[in-house]
Amino acid sequence: MLDDKLVYIRVTVILMLDMAKPVEEIEFVLGIDSSTIYRYSKSYQEKGLDEYLKTGFTGYWGKVKHCFLHSNFLLV
């Protein structure tokens, strides 16, 4: 599900840039910062669409306590 959202955001950034939308508008609409928009634009230009859309996302688990990784503990 997270990958789908990330792909949606990446595609929308490129489409909005192609429509000459200002970075400030893209930031507001998608809730991301300008450095992310510029990074996505550069990545798209350098890699092409297929490679650009590969998310390779891995969450950051550095602050999660070990006991929570191996249990059914839910934060509510």
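Everything in the sequence shown is counted per my numbering, starting at -18 for the first residue and increasing by one. Beta carbons are placed, not taken as given, at the ideal position from N, Cα and C, and that holds for glycine.
| Asked | Found |
| --- | --- |
| First through last residue of the alpha helix (DSSP H) which encompasses F31 | According to the sequence shown, residue 31 is Asp rather than Phe. Counting along the chain, the alpha helix (DSSP H) containing D31 begins and ends at L30 to L34. |
| I(-10) in three-state terms, based on DSSP | helix |
| Y21 vs V4 beta-carbon contact at 7 Å | no |
| Start-to-end residues for the alpha helix (DSSP H) that takes in I7 | V4 to L11 |
| Rounded C-alpha distance that separates D(-15) from L11 | 14 Å |
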